[in-house]
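Report on the following structure.
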Amino acid sequence: MTKNHPGPVCTNCGNKHQSCLRREKSPDVEHALPLSRACAHGRVKICKISGDRRLCARMADLGILPGREMELLCAGGGGRHCMVRINGGTISLDSLTTANILVTPV
Amino acid sequence: MAKVFNIALAGNPNAGKTTLFNYLTGARQHVGNYPGVTVEKKEGICQHGGMELRVTDLPGTYSLTAYSVEELVARNFLVNEKPDVVIDIVDASNLERNLYLTCQFMELGVPVIIALNMIDVARHRGIEVDAEKLSSLLGVPVVPLVARSGQGVDLLLDTVLRVVEEKKPYPPLRLSYGDDLDQVLDDMVPLIEQGGLLTDTYPASWTGLKILENDDQILDRAMKADSTLADTLVRRSDEVTSHLQRTVDTYPEAMIADHRYGFIKSILRQGVISQRFDVDRLYTSDRIDKIVTNRFLGPLIMGVILYGLYSFTFNYSALPVDWLASLFGFFGDAVSRVLPDGPIKSMLVSGVIGGVGGVLGFVPIIMFMFLGIAVLEDSGYLARVAFMMDRIFRMFGLHGSSVMPFIVSGGIAGGCAVPGVMATRTLRSPKERLATLLTVPFMNCGAKLPIIALLIGAFFSAHQAQYMFLATVVSWSVALLTAKFLRMTVLRGESTPFVMELPPYRFPTFKGLFIHTWERTWQYIKKAGTVILAISILLWAMMTYPGLPAGKSAQFERQRQEVMAAYAPQGVSAGQEKGRPGQVAESPELAAKLRVIDNREAQAALRNSLAGRMGIALEPISRFAGFDWRTNIALVGGFAAKEVIVSTLGTSYSLGSVDVEHTTSLGERLARDQHWNPIVALAALAFIMFYAPCFVTVVCIARESGSWKWAIFSMAFNTFLAYFLAVAIYQTGMALGLAS
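Going down the list, the sequences are from chains A and B.
Just so we're aligned, residue 1 is where the first sequence starts under this note's numbering, counting upward by one.
Just so we're aligned, residue 107 is where the second sequence starts under this note's numbering, counting upward by one.
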């Protein structure tokens with residue numbers, strides 16, 4: 001995994017990550033809903049992050065990547081803001097962002 | 107002399123960075139701003155093992171990209187200041203996300219020590235972290251600790267000293283980011299090294315990575331340094347971006363992030379973490395969130411908590427505010443007794459003691475307000491308030507976090523704009539913060555309440571409660587609509603996505619609360635001694651000079667003598683001076699007559715002062731809103747403090763000084779005055795509610811926005827808006843014949 005670092009060997013990425021990202025074009029995407037419309041308590045799988053490059057990058061930084069699962073904790077005002085649990089942390093997402101995260105229920 | 111080392115504290119928001127900083131540095135902190143931005147820069151000193159450690163608390167970030175000002179500040183500090191060690195505070199109960207930043211420090215090649223914080227919380231959640239294994243796999247020291255209690259902090263400092271003395275090189279970590287990106291990076295790095303592109307600041311591999319990530323700042327710097335080479339690298343980056351878009355419908359930065367998380371997962375899966383419970387089980391914090399942020403219960407709970415904070419701030423600070431007022435009153439009396447009459451005494455009593463005393467009188471309110479906010483902030487609730495309010499405030503171009511400054515400033519009538527402006531610090535986006543701090547002065551602060559109550563009582567006494575409520579609704583409406591206007595014009599820009607990690611609920615520590623409260627209060631106190639002192643002396647001079655001509659003064663003195671002579675048979679001889687003896691003061695009729703003369707003299711002196719002349723000069727403009735010169739003087743005085751409006755109106759209407767708590771006589775006088783009627787009162791109410799903030803607020807706006815430009819804008823814009831509203835009300839009301 002590392003080019004110049006001793007020790008760690010990636011057992012999780014490589015082909016699996018390629019397939020995570022390719023999954024965006026899987027049939028799941030066709031049935032996926034924006035998070036803004038699916039926001040209710042329960043688990044969902046992220047299918048695709050749409051929106052501009054900056055938003056995709058920001059979501060990636062937070063670990064919101066296609067193929068990951070997250071727990072919806074609650075919907076905010078009007079059901080369009082969401083509070084989600086992912087990677088052990090709780091993240092709030094506004095309506096602009098949730099409209100660009102396509103998910104399917106798990 | 108002890109050797110000095112520079113240490114940077116970095117980490118995700120809510121990882122416990124500030125708690126560790128407070129533990130290390132205690133009260134030996136200096137708070138300032140990073141150059142050119144309003145991000146707070148905290149520095150402190152810590153002694154350990156005979157060495158002095160200069161500790162800088164960097165802003166909390168998730169990443170080292172260029173998406174936010176905090177991220178830029180953090181990474182610029184690391185590459186420009188080159189600290190001897192970076193302590194990366196990592197939340198042990200949330201390792202995967204926190205190590206993402208660690209990974210980027212290692213890519214940047216900075217000497218890093220991982221402070222594995224909150225191991226007690228992790229254990230409580232059934233998570234055990236093998237710190238030694240993590241250290242050997244990552245190749246950096248890892249020290250488990252609990253920053254709240256200080257457990258493990260000595261070992262951390264020992265490790266810091268060991269690392270700075272070892273001077274071991276930390277080569278930049280190069281991960282694999284997938285075949286496509288690795289290939290491009292392999293091509294880029296030799297080109298960057300040969301061309302020396304930014305190599306004096308950043309490692310070549312890091313520059314290459316940032317060009318692939320389309321990092322604005324690095325692209326800009328690269329273009330300036332060597333545009334030909336930068337063009338070549340950008341072309342290469344564009345090619346691979348198109349390829350990734352075509353094949354996997356993603357961008358390089360998402361691919362890079364995915365591989366960083368993959369690297370972290372691979373480390374954690376090698377026995378670093380053992381979990382007793384289900385990884386994604388809901389913790390107490392999440393269960394509380396399900397209730398506290400519930401669509402129906404959430405706003406109710408929030409209303410109760412915010413009202414509680416408001417009551418706490420203004421009720422509990424009332425007593426110390428009175429003590430301070432008495433203290434400054436005592437100083438004023440003492441100076442009055444010691445010094446002879448004259449301009450020096452007047453300046454010291456009215457300008458210095460009155461001005462600075464009035465400003466320092468806010469200190470208890472500010473201290474209680476910051477204590478309340480610190481409790482909400484440190485407990486994690488403030489982030490939930492922002493989450494719930496964001497949708498409503500976003501419609502007006504503001505942010506969920508704007509709610510607190512509005513409430514503190516008088517959203518529930520009776521607050522204060524000074525702490526409100528300072529409370530905008532919880533906002534991160536500069537434009538939303540500016541829009542908030544420019545509109546919070548529209549709230550009905552405690553100082554505006556006496557004049558609002560006076561005018562409503564005098565002209566709309568049959569519907570006092572309804573008009574008071576209307577005043578609150580109008581202040582909110584004007585503030586939010588103005589915010590929307592500013593965000594569509596001078597502060598135009600995209601809304602910041604409300605994406606933030608919500609901290610788990612925690613009990614705040616006393617030390618943390620004390621330090622948060624004190625450092626913010628101290629900044630305010632320091633300001634009172636400098637700019638505010640100068641402005642209060644200037645305002646005093648404007649309302650005092652040039653004073654009455656000698657002939658006019660002599661005329662009033664003659665009137666006094668005549669009145670006293672008329673009472674001479676009661677035991678007073680003509681020729682006695684203004685300091686009347688007890689027997690005269692005991693005669694109520696004489697005292698009343700003398701008071702009338704005193705008030706007339708004060709009115710004449712005020713009219714002749716610079717502020718008075720301004721009031722008269724402004725009359726041709728102000729008459730469109732229905733204000734005569736006497737009202738104008740009171741409004742000019744209101745710039746010193748809104749409380750002054752009532753007392754100045756009292757003076758300009760020859761009523762002498764009027765206690766802001768007892769304004770009945772002034773109200774009756776205004777109701778009978780030919781220049782006043784209900785329409786003028788409404789126009790005056792609109793003007794007073796929305797015109798230039800008091801000068802203490804203006805100074806705070808200048809300080810918080812980092813520029814006097816915005817403070818001047820606030821004075822000019824608010825006054826223009828207030829004048830426009832007042833003229834509209836007056837002219838419409840008069841045209842419709844509603845004056846009677």
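Glycine included, C-beta positions come from ideal geometry on N, C-alpha and C.
| Asked | Found |
| --- | --- |
| Closest Cα partner of B:Asp-332 within the set B:Glu-177, B:Leu-297, B:Tyr-173 | B:Leu-297 |
| Backbone secondary structure at B:Glu-683 - three-state DSSP | Because B:Glu-683 sits at a pLDDT of 46, beneath the cut-off of 50, its placement in the model cannot be relied upon, and the following sentence gives the value as read from the coordinates. Coil, per DSSP. |
| Contacts of A:His-31 in chain B (Cβ-Cβ under 9 angstroms) | Result: empty, since nearest Cβ-Cβ is about 17 angstroms, beyond 9 angstroms. |
| Among B:Ser-169, B:Thr-208, B:Tyr-487, B:Arg-229, the one whose alpha carbon lies nearest that of B:Ile-394 | B:Tyr-487 |
| C-alpha distance - B:Asp-326 paired with B:Phe-616, whole-angstrom precision | 45 angstroms |
| B:Ile-379 - DSSP class collapsed to helix/strand/coil | strand |
| Per-residue contacts from A:Ala-60 into chain B (C-beta, under 7 angstroms) | Glu-359, Ala-360, Ala-363, Asp-364 |
| B:Arg-719 (DSSP reduced to helix, strand or coil) | helix |
| Sequence-distant residues of the same chain with beta carbon closer than 7 angstroms to B:Leu-184, five excluded per side | Ala-114, Val-192, Leu-214, Val-216 |
| Contact list for the segment 258 to 282 of chain B against chain A, Cβ threshold 9 angstroms | Pro-277, Pro-278, Leu-279, Arg-280, Leu-281, Ser-282 |
| Cβ-based neighbour list, B:Lys-274, same chain, cut-off 8 angstroms, excluding 5 preceding and 5 following | Pro-217 |
| Rounded C-alpha distance that separates B:Ser-515 from B:Glu-483 | 18 angstroms |
| Given B:Ser-452 as reference, the closest of B:Ile-411, B:Leu-741, B:Gly-653 once Cα atoms are compared | B:Gly-653 |
| Residues near B:Leu-533 by beta carbon distance below 7 angstroms, same chain, minus five either side | His-505, Ser-507, Ser-508, Arg-539, Thr-542 |
| DSSP three-state assignment for B:Asn-550, whether helix, strand or coil | coil |
| Under 8 angstroms between C-beta atoms of A:Lys-45 and A:Val-106 | yes |
| Residue of B:Gly-618, B:Ala-589, B:Val-702 minimising C-alpha distance to B:Val-669 | B:Val-702 |
| Minimum Cβ-Cβ distance from B:Asn-223 to chain A less than 8 angstroms | no |
| Residue-chain proximity (A:Thr-42, chain B), Cβ-Cβ < 8 angstroms | Just to set this straight, residue 42 of chain A is Gly in the shown sequence, not Thr. Chain B contact via Cβ: absent. |
| Beta-carbon proximity check, B:Pro-525 vs B:Met-475, cutoff 8 angstroms | yes |
| Residue-chain proximity (A:Arg-53, chain B), Cβ-Cβ < 8 angstroms | yes |
| Rounded straight-line distance, which links the Cα of B:Arg-382 to that of B:Val-65 | With chain B represented from 107 up to 846, any question about residue 65 of chain B goes unanswered, as that position is not in the structure. |
| Proximity test, Cβ basis, 8 angstroms: B:Leu-184 and chain A | no |
| Per-residue contacts from A:Thr-97 into chain B (C-beta, under 8 angstroms) | Pro-603, Phe-604, Val-605 |
| Short CB-CB distance (under 8 angstroms) between B:Gly-117 and chain A | no |
| Against chain A: residues of the segment 396 to 412 of chain B by CB proximity under 8 angstroms | Lys-396, Thr-399, Asn-400, Arg-401 |
| B:Asn-400 (DSSP reduced to helix, strand or coil) | coil |
| Sequence-distant residues of its chain with Cβ nearer than 8 angstroms to A:Ala-60 (five each side left out) | Ile-49 |
| Supposed close pair B:Ile-471, B:Cys-551 - CB separation, criterion 8 angstroms | The pair is not a contact, with the Cβ atoms about 10 angstroms apart (cut-off 8 angstroms). |
| Identified DSSP bridge partners for B:Val-248 | B:Ile-220 |
| Endpoints, the beta strand (DSSP E) within which B:Phe-111 is located | 110 to 117 |
| Under 7 angstroms by beta carbon: chain A residues contacting B:Thr-390 | Residues of chain A passing the Cβ test: none, with the nearest at roughly 12 angstroms. |
| Segment limits, alpha helix (DSSP H) that includes B:Ser-343 | 333 to 354 |
| Contacting positions in the segment 772 to 787 of chain B - beta carbon closer than 9 angstroms to chain A | none |
| Whole-number beta carbon distance between B:Gly-314 and B:Leu-279, since they are thought to touch under 8 angstroms | About 14 angstroms; that fails the 8 angstroms criterion. |
| Extent of the continuous alpha helix (DSSP H) run through B:Arg-729 | B:Arg-729 -> no alpha helix (DSSP H), and no H or E assigned at all. |
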